[in-house]
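Chemist: So the protein sequences, as listed, match chains D and W.
Number 169 in this note's numbering belongs to position 186 of the first sequence; there are no gaps in the numbering.
Number 345 in this note's numbering belongs to position 362 of the second sequence; there are no gaps in the numbering.
Protein chains: 2
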Amino acid sequence: MLTQTIDDLPTPALIVDRAILDRNLERMSERMRHAGVMLRPHVKTAKSIEVARKAVVGHDGRITVSTLAEARYFAQGGFKDILYGVGIVPSKLAAVSELRRLGINLRVVTDNLPVAQAIAAAARGGDTFSVLIEIDSGAGRAGLPWPEVPGLLDIARVLHDAPGVELAGVMTHAGHSYHQSTPDDIAAVAAQERQAVVGAAEKLEAAGLPCPIVSAGSTPTAVHSRDLSGITEMRPGVYVFNDLDQQLIGSCGAGDLALSVLASVIGHYPHRNQLLVDAGALALSKDISAQEFRREVGYGTIVEPPAKDMAVVDCSQEHGFVGAAEPIPFGNLPIGARLRILPNHACITAAGYDRYYVVDSALDGGRSVVDVWDRINGW
Amino acid sequence: MLTQTIDDLPTPALIVDRAILDRNLERMSERMRHAGVMLRPHVKTAKSIEVARKAVVGHDGRITVSTLAEARYFAQGGFKDILYGVGIVPSKLAAVSELRRLGINLRVVTDNLPVAQAIAAAARGGDTFSVLIEIDSGAGRAGLPWPEVPGLLDIARVLHDAPGVELAGVMTHAGHSYHQSTPDDIAAVAAQERQAVVGAAEKLEAAGLPCPIVSAGSTPTAVHSRDLSGITEMRPGVYVFNDLDQQLIGSCGAGDLALSVLASVIGHYPHRNQLLVDAGALALSKDISAQEFRREVGYGTIVEPPAKDMAVVDCSQEHGFVGAAEPIPFGNLPIGARLRILPNHACITAAGYDRYYVVDSALDGGRSVVDVWDRINGW
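(1) Classify W/Glu53 as buried or exposed, calling it buried when 16 or more other Cβ atoms lie within 10 Å of its own Cβ.
(2) Quick test of your reading: D/Arg23 and D/Arg218, contact by CB under 8 Å. State the CB separation rounded to the nearest angstrom.
(3) Which residues bound the alpha helix (DSSP H) around D/Thr332?
(4) Enumerated in chain order, which unbroken segments of the beta strand (DSSP E) with a length of 3 residues or greater are wholly contained in the stretch 143 to 222 of chain W?
(5) Counting only Cβ pairs nearer than 7 Å, list the residues of chain D close to W/Thr50.
(6) Taking D/Ser272 as the reference, give the member of D/Ser164, D/Gly319 and D/Glu287 with the closest Cα.
(7) Less than 8 Å between CB atoms is the rule here; does D/Ala174 satisfy it with respect to chain B?
(8) Identify the continuous beta strand (DSSP E) that holds W/Glu287 and give its terminal residues.
(9) Kindly say whether D/Met(-16), judged by its beta-carbon, lies nearer than 8 Å to any beta-carbon of chain W.
(10) Give me, in chain order, the residues of the same chain whose beta-carbon lies closer than 8 Å to that of D/Asp5; leave out the 5 immediate sequence neighbours on both sides.
(11) According to DSSP, what are the bridge partners of D/Leu127?
(12) Residues of chain D with CB under 7 Å from W/His251, in chain order?
(13) Evaluate D/Asn7 with the Cβ neighbour count: other Cβ atoms within 10 Å of its Cβ, from every protein chain shown; 16 or more gives buried, anything less gives exposed.
(14) Pull up the distance between the alpha-carbon of W/Gln(-13) and that of W/Val355, whole angstroms please.
(15) Can you tell me which residues form a DSSP beta bridge with D/Phe112?
(16) With DSSP collapsed to three states, give me the class of D/Asp357.
(17) Say whether the stretch 58 to 69 of chain W touches the stretch 158 to 173 of chain W, bearing in mind that this needs 3 or more beta-carbon pairs closer than 8 Å, one atom from each stretch.
(18) Decide if D/Ala329 is buried, meaning its Cβ has at least 16 other Cβ atoms within 10 Å, or exposed.
(19) Tell me where the beta strand (DSSP E) around W/Ile46 begins and ends.
(20) According to a CB-to-CB cut-off of less than 8 Å, which residues of the stretch 68 to 99 of chain W neighbour chain D?
(21) Within 10 Å of its beta-carbon, does W/Gln59 have 16 or more other beta-carbons around it, so buried, or fewer, so exposed?
(22) Enumerate in chain order the residues of its own chain whose CB-to-CB distance from D/Cys194 is below 7 Å, with the five nearest sequence positions on each side excluded.
(23) Within 10 angstroms of its Cβ, does D/Pro130 collect 16 or more other Cβ (buried), or is it exposed?
(24) Of the choices D/Glu81, D/Gly86, D/Phe112 and D/Arg107, whose alpha-carbon is the least far from that of D/Val92?
(25) Look at the alpha carbon of W/Val197 and the alpha carbon of W/Gly236, and state the distance between them as a whole number of angstroms.
(26) When the cut-off is 8 Å and only beta carbons count, does W/His159 lie next to chain D?
(27) Whose Cβ in chain D lies nearer than 7 Å to the Cβ of W/Gly123?
(28) For W/Gly200, which residues in the same chain have their Cβ closer than 6 Å to its Cβ, ignoring the five residues on either side in sequence?
(29) Looking at C-alpha atoms only, which residue of D/Arg358, D/Gly70 and D/Asp357 is the closest neighbour of D/Leu96?
(30) On the DSSP bridge list, what partners appear for W/Leu258?
(31) Against D/Lys291, what residues of chain W qualify as contacts under a CB-to-CB distance less than 9 Å, listed in chain order?
(32) Ends of the beta strand (DSSP E) at W/Ile324?
(33) Measuring alpha carbon to alpha carbon, tell me which of W/Gly19, W/Ile102 and W/Lys291 ends up nearest W/Pro146.
(34) If I measure Cβ to Cβ from D/Glu309 and keep anything under 8 Å in the same chain, skipping five residues before and after, which residues do I get?
(35) Mind checking the stretch 336 to 349 of chain W against chain D and listing, in chain order, the residues whose C-beta falls within less than 8 Å of any C-beta there?
(36) Have a look at the DSSP bridge pairing and note the partners of D/His42.
What follows is the structure, encoded as structure tokens:
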């Protein structure tokens, strides 16, 4: 394995540059330590024990997951404090209890009174739960909308009064930070995020209710926030790899993208100045988020070999159509030549794969495969 | 297992209605038999042994695959004549030979002279190959563009003259049929597809070269073609399940969609007339193909419970945002209620899952889970 290079890999393959990954992890960890905030990385991006273990260095090991499959996988990997960040439904409480009985503090989230009542009822059977109340700080996804937070105290009291249930705090995710494109605009969203979740915590405390955890975070707001006071933990996710979308909104620089898809040239079409590669919709995903800011990124841009404005302009299931503004140097890219493609949205692209091939650009330009890491998919 | 109902399933889950599937399979099989054309279904949609076994009933068992992982999986499942329909690269020939040595006639495709030469060279080591030449009948993806077909005879001669290499024929895929919206327009594409691939076959035969296989097909052209003379086999794929895209272009009716995603309601947001469900970008895919014809389909429409114009209007990784033109009946859809969502593009949606839960609407309205079928993902 140690002598394998990326030229030996079957394509398409998912490549992680460890040097960039480590730098991304260190930077976020330091930023949070400097702010006095605990990092609870959202491991839904890499879904990898190895990446998560590196991500929590310097913090206390808490993580966020997006599925029960992730919760089980990371619990097996030794993680003990896990926040399941997608609104819980009563039918999933049994699976939550199963992990909690093994000593995993799997915490759940709700914004709904009947669900809080169902959790209280489930705890009467002897199970314990730890629950955070979700606040909508402006993203318009889940959560009680700030500043009204309708029903906040009712939900909180049901949870707090139920034996076996811990009212663990409040959480929010400022997903609208993904649609800003300047540090100032992101900082404004971060201020909104802080105001909503800290404000909700203050409402609980004013009512005599506990709120030990005040949880916020997205990669853009974690990077550009100017004030995290009152927040106890941040939950950025995609910063571990970054991607074209994060680059274009300014969460990272062009050299901070750790994830790429390795593909082979499978066809030459000079009459339309296109190549085909064996990375299509399943290998890249059909996520076009970064096109919001730069249409030319298509389904991913070519980073290796260095190519000006070469991108996957279209894709079908297993075919990627590579186009360019200038004539493609077909002679330098024979059939079988390998390209590395930067994805629009790392979380979605990575979900097509069951493993990462790890290279290290600081070691030998990223040619040798230095490790293979698995990841968990599905639910 | 036989007493399990869809209410017992964890969500999100992928549901196949066997009654609809069987009807779709029977209709296509009959259509091809009536036309005197062999069916070589493209199994990249379901990627399931069970579905493929049903699909080839009444035909000779030949199939098409889109990845080497599929080739291996279907070879293990007993399939012997497998066309790998994505342009081959020399580095993948060793994997092809591995299956061929086990008695699997895994055929490959190219449109490139250096690749043909590489195949000829590989065969000098004692391996055998069966190769089809790809023709571009107007889709603008892979293949030698018709009518010029530049280099067709050169490629054909290299293959035909190489000991151990079978020049097996020509193939095309009229992918542009997916962007038509009337039976007449699709029939016109089908005529183009036939003309190109039969024309290429005639060029080979006129040059004294063999061309036993003349292979065409997409679901829309297989459904709406009016003349298949000269074509020996058709390779439709998505017809097994159909989806919103196929419905909107007229390849099937509204009652012919066999695949759906089962999701749970996880949040109520009456202030914006939205529900959240636990099926987001990974459970539905970010494929928006059907939006080309009807924007309101979003990332999938709600089919169960019956709801007028209710659709997943947006999604993040694990959250689907369900909106509707009319006020949502929140009281009938409490947290935990289950919805079934019809996907835009079955092939891409199914790729997020490792299994199908099979129901049968002809049996009990589709409530009982009558079987579980696995599928192969990755490469």
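Every residue gets a Cβ at the ideal spot worked out from N, C-alpha and C, and that includes glycine.
Modeler: In short:
(1) It counts as buried.
(2) 5 Å
(3) First-last of the alpha helix (DSSP H) with D/Thr332: Ala329 to Ala333.
(4) Along the length of the stretch 143 to 222 of chain W, whole beta strand (DSSP E) runs at least 3 residues long occupy 148 to 155 and 196 to 199, reported in chain order.
(5) Glu301
(6) D/Ser164
(7) Protein chains D and W are contained in the structure displayed, whereas chain B is not.
(8) Thr284 to Glu287
(9) For D/Met(-16), the predicted model reports a pLDDT of 48, less than 50, meaning its position is unreliable; a value from the coordinates is still stated below. No, its Cβ sits nowhere closer than 8 Å to a Cβ of chain W.
(10) Lys37
(11) D/Ile118
(12) Asn95
(13) Counting other Cβ atoms within 10 Å of its Cβ, D/Asn7 reaches 16 or more and is therefore classed as buried.
(14) 11 Å
(15) D/Val148
(16) strand
(17) no
(18) In the assembly as shown, D/Ala329 is a buried residue. Its beta-carbon has 16 or more other beta-carbons within 10 Å.
(19) Ile46 to Val48
(20) Within the stretch 68 to 99 of chain W, Val69, Gly70, Ile71, Val72, Pro73, Ser74, Lys75, Ala78, Asp94, Asn95, Pro97 and Val98 place their CB atoms closer than 8 Å to a CB of chain D, listed in sequence order.
(21) exposed
(22) Gly152, Val153, Ala184, Leu187 and Glu188
(23) It counts as exposed.
(24) D/Phe112
(25) 29 Å
(26) Answer no: the Cβ-Cβ gap between W/His159 and chain D never drops below 8 Å.
(27) For W/Gly123, the chain D residues whose Cβ falls inside 7 Å of its Cβ are Arg255, in order along the chain.
(28) Met217, Arg218 and Pro219
(29) D/Gly70
(30) W/His251 and W/Val305
(31) The premise fails here: D/Lys291 is roughly 23 Å from chain W at the closest Cβ pair, so nothing lies under 9 Å.
(32) In the DSSP assignment, W/Ile324 falls within the beta strand (DSSP E) that extends over Arg321 to Leu325.
(33) When the alpha-carbon of W/Pro146 is set against those of W/Gly19, W/Ile102 and W/Lys291, the nearest one is in W/Ile102.
(34) Lys291 and Asp292
(35) Tyr336 and Asp337
(36) According to DSSP, D/His42 bridges with nothing at all.
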